[in-house]
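> There's a structure below that I have some questions on.
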Amino acid sequence: MEDAIQRDYPDKIFTFGGDNNNNGKKRKIDISRWKGNNTFSNKIFDEIWANYNYDKDKAKNFKVMKNKFFNEQNKYRVAHRVKKLKKSEELERKAQAYAEVIARLGRLEHDPKNREEGTGENLAYGTTFIGHLAVKGWYDEIGLYNFNKPGFSPATGHFTQLVWKGTTHAGFGVVEKGDRVYVVCKYSPPGNYPGEYETNVLQRRHYRTFSDVMAQVRRDRDEYFKRLTRKPPVIQKTRTPRRGPSHVRTTRRPRIPKRPVSRFTKRPGPTAKPSIRTPSPPKITGRPAPRPPSNRIDPKYIPSAAEVDKLYPFDVNKEKLKDSSGPFSEKVYDEVWKGYDFRSDFKTGYIDMRNRILEETNRYRRAHNVQPLTYDLDLEKAAQEYAKYLGDRDLFEHDKRNREKGWGENLAKMSASIGSLATKKWYDEVKMHDFGKNQFSFGTGHFTALVWKDTTKVGCGIYLKTGDLYVVCKYTPAGNVYNKFDQNVFPRRGQ
Numbered sequence: 206m207e208d209a210i211q212r213d214y215p216d217k218i219f220t221f222g223g224d225n226n227n228n229g230k231k232r233k234i235d236i237s238r239w240k241g242n243n244t245f246s247n248k249i250f251d252e253i254w255a256n257y258n259y260d261k262d263k264a265k266n267f268k269v270m271k272n273k274f275f276n277e278q279n280k281y282r283v284a285h286r287v288k289k290l291k292k293s294e295e296l297e298r299k300a301q302a303y304a305e306v307i308a309r310l311g312r313l314e315h316d317p318k319n320r321e322e323g324t325g326e327n328l329a330y331g332t333t334f335i336g337h338l339a340v341k342g343w344y345d346e347i348g349l350y351n352f353n354k355p356g357f358s359p360a361t362g363h364f365t366q367l368v369w370k371g372t373t374h375a376g377f378g379v380v381e382k383g384d385r386v387y388v389v390c391k392y393s394p395p396g397n398y399p400g401e402y403e404t405n406v407l408q409r410r411h412y413r414t415f416s417d418v419m420a421q422v423r424r425d426r427d428e429y430f431k432r433l434t435r436k437p438p439v440i441q442k443t444r445t446p447r448r449g450p451s452h453v454r455t456t457r458r459p460r461i462p463k464r465p466v467s468r469f470t471k472r473p474g475p476t477a478k479p480s481i482r483t484p485s486p487p488k489i490t491g492r493p494a495p496r497p498p499s500n501r502i503d504p505k506y507i508p509s510a511a512e513v514d515k516l517y518p519f520d521v522n523k524e525k526l527k528d529s530s531g532p533f534s535e536k537v538y539d540e541v542w543k544g545y546d547f548r549s550d551f552k553t554g555y556i557d558m559r560n561r562i563l564e565e566t567n568r569y570r571r572a573h574n575v576q577p578l579t580y581d582l583d584l585e586k587a588a589q590e591y592a593k594y595l596g597d598r599d600l601f602e603h604d605k606r607n608r609e610k611g612w613g614e615n616l617a618k619m620s621a622s623i624g625s626l627a628t629k630k631w632y633d634e635v636k637m638h639d640f641g642k643n644q645f646s647f648g649t650g651h652f653t654a655l656v657w658k659d660t661t662k663v664g665c666g667i668y669l670k671t672g673d674l675y676v677v678c679k680y681t682p683a684g685n686v687y688n689k690f691d692q693n694v695f696p697r698r699g700q
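Structure below.
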């Protein structure tokens, strides 16, 4: 029967092998041979399922197993830089009901109501002593997934659904039938949509990202000012053996009274020495307050790039893009962005980045025999508002107001560490533009908008959200006008 199921549902089934014939006697079983060799998922699995007791959980309708499945699944999702799933009672009810259906059938078939109800689904069954390997088995399909060619594959459908970025809710159902455990997980919204794998199935994080660095910097900054503004300790007064009414020990330097002045001569009169004992300042134990960055405290202070790099090493070149239009754009990029410091620019609202984007754009335009652009603050305001709109909603789509306002627009969404490559990536589409036909193409629209002759002004918005940098540049007059490419898009000089 299982051979027939594998033939009929190659992309829908995950099963576990092994036997459970113990003649009614309890025995410890080594499941290492079913765990596989994925060290990352093995570590997560061992952490989640340590000390799990199947018999006790069975009496509670597998409540613990469902919770552990959910926690394990979310650990994988966090590792792949997507948000944790939220539990849905409705999805759990549907998953539990369908788990009972497939348990009665004795085979795995996807729920025919999935399309109608708008749910995704992962299924698994295995013998009782390894049924808790279900989620790990789904995730371990990552070994067969090609991130360089993202897309659907029957062998990786469980993994891609599990880490699908657009999915927000899930619910598990678990049923035991005979010596088998049937596991159903329903997801909403469903994943595995054609053409959306690149934006929804992300690679696992292998090193500290810039957002992690900045989050740590902000925590350090907050801790610094918390200590800096901490209230001084209450002064405790302790009396010593009597040596005079004024002999009181304090933790502060006593105030020395002013010398009295004679009302007749207006000259200082003699004073007696005060009988106040002034002990040395008390020793303070514990970590001393850090040295402030300057005499004037800035509440928005963020450590410099040198401080950040010293504490949290981060190599921008790790993500430097390989593809390029050739030595020309690489030379322009290296000259324009030499010495650029994103961490310092972050404190100023990306003023330096906007200036360099303008300079890089105009270098490309001059090379294509068109006039340089001037910077427009009104366009910058509109671009900044739209960049924030995209970042807050995790969207990546063109502004619907462009046609009405007469704006052209280029968008980029990149890791913060390589945000400076946005303009270069737009220009590098030149390698796909056919100057013989010289017409619009979806693969070269950023390039043609960048070097469009009739465009005279530009304004750019930049917004950082959870490690991603959104770059929006708006142009006026808009480019990419039908039947006007020959008069506006020219080959580079010397070609």
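The sequence shown runs 206 to 700 under my numbering. Every residue gets a Cβ at the ideal spot worked out from N, C-alpha and C, and that includes glycine. All values reported here derive from a predicted model rather than from experimental measurement.
(1) Could you tell me which of Y387, T653, K536 and K318 sits nearest to G613, measuring between CA atoms?
(2) Terminal residues of the continuous beta strand (DSSP E) containing D673?
(3) Check whether the region 670–690 and the region 579–589 touch, using three or more Cβ-Cβ pairs below 8 Å as the test.
(4) Determine, using beta-carbon pairs with one atom in the region 367–376 and one in the region 385–404, whether at least three such pairs fall under 8 Å.
(5) Would you mind stating whether F690 and F645 have Cβ atoms separated by less than 8 Å?
(6) Tell me where the beta strand (DSSP E) around V541 begins and ends.
(7) Counting only runs that start and end within the region 249–280, where is the beta strand (DSSP E) found for 3 or more residues in a row?
(8) Anyone know if the C-beta pair for A617 and K630 falls short of 8 Å?
(9) Determine the burial state of N327: buried for a count of at least 16 other Cβ atoms within 10 Å of its Cβ, exposed for fewer.
(10) State the CB to CB distance for the pair I667 and Y555, rounded to an integer number of angstroms; the pair is presumed to be in contact (CB under 8 Å).
(11) Where do the N-terminal and C-terminal ends of the alpha helix (DSSP H) with E305 fall, by residue?
(12) When you compare only the Cα positions, how much space is there between D550 and Y594?
(13) Sorry if obvious, but does the Cβ on A621 come closer than 7 Å to a heavy atom of the ligand NAP?
(14) In its own chain, which residues sit with a C-beta less than 6 Å from the C-beta of R568, not counting the 5 before and 5 after it?
(15) I'd like to know whether the C-beta atoms of Y303 and V389 end up nearer to each other than 8 Å.
(16) On the DSSP bridge assignment, give the partners of M619 in chain order.
(17) Using the beta-carbon count (16 or more within 10 Å), is A360 buried or exposed?
(18) To test your reading of the DSSP string, which unbroken beta strand (DSSP E) runs of 3 or more residues are found completely within the region 646–674?
(19) Since N574 and R698 are thought to touch, with beta carbons under 8 Å apart, how far apart are those beta carbons, to the nearest angstrom?
(20) In angstroms, rounded to a whole number, what distance separates the CA positions of Y344 and A375?
(21) Along the chain, where does the beta strand (DSSP E) that runs through Y330 open and close?
(22) Can V386 and T333 be called in contact, C-beta distance under 8 Å?
(23) What does the alpha-carbon distance come out to for the pair F702 and R561?
(24) By the 10 Å Cβ neighbour count, where 16 or more other Cβ atoms means buried, how is K201 classified, buried or exposed?
(25) Can you give, in chain order, each stretch of the beta strand (DSSP E) that sits fully within the region 329–387 and has at least 3 residues?
(26) Taking the alpha-carbon positions, what's the I623 to V422 distance?
(27) Leaving out five residues on either side along the sequence, give the residues of the same chain with a beta carbon under 8 Å from the beta carbon of G348.
(28) Can you pull the DSSP bridge partners for V389?
(29) To the nearest angstrom, how far is the alpha carbon of F274 from that of R309?
(30) Where does Y580 sit, in a helix, a strand or coil, going by DSSP?
(31) Considering just the uninterrupted stretch of the alpha helix (DSSP H) at W612, what are its terminal residues?
(32) Just to confirm, are T671 and T628 a CB contact at a threshold of 8 Å?
(33) Cutting at 6 Å between CB atoms, please list the residues of its own chain near G701, excluding the five before and the five after it.
(34) So which of D659, S625 and K431 has the shortest CA-CA distance to D673?
(35) Quick one: measure Cβ to Cβ for K658 and N607, integer angstroms, because I've assumed they're closer than 8 Å.
To lay it out plainly:
(1) T653
(2) Where D673 is concerned, the enclosing beta strand (DSSP E) stretches over D673 to T681.
(3) Yes, the region 670–690 touches the region 579–589.
(4) yes
(5) yes
(6) No beta strand (DSSP E) holds V541; the alpha helix (DSSP H) holding it covers P532 to V541.
(7) none
(8) yes
(9) Under this definition N327 is a buried residue.
(10) Confirmed, about 4 Å.
(11) Note, E305: alpha helix (DSSP H), E294 to L310.
(12) 21 Å
(13) With respect to the ligand NAP, the structure offers nothing, as it holds no ligand at all.
(14) V537
(15) In this structure, V389 lies closer than 8 Å to Y303 by Cβ.
(16) L674
(17) By the C-beta density criterion, A360 is exposed, having fewer than 16 other C-beta atoms within 10 angstroms.
(18) 662–670
(19) Right, the Cβ-Cβ distance comes to about 6 Å (below 8 Å), so this counts as a contact.
(20) Each residue's CA atom was taken as its position, placing Y344 and A375 some 16 Å apart.
(21) G325 to T332
(22) Taking 8 Å as the Cβ cut-off, V386 and T333 qualify as a contacting pair.
(23) Residue 702 cannot be examined here, being either before or after the span of the chain that is shown, 206 to 700.
(24) Any property of residue 201 remains undetermined from this structure, which presents the chain solely from 206 to 700.
(25) 374–382
(26) 19 Å
(27) N243
(28) L328 and G378
(29) Distance between the alpha carbons of F274 and R309: 23 Å.
(30) Looking at Y580 - three-state DSSP - the assignment turns out to be strand.
(31) No alpha helix (DSSP H) holds W612; DSSP gives it neither H nor E.
(32) no
(33) Since the first residue of the chain shown is 206 and the last is 700, residue 701 is not available in this structure.
(34) For the residues D659, S625 and K431, the minimum Cα distance to D673 belongs to S625.
(35) About 19 Å separates the two Cβ atoms, so there is no contact after all.
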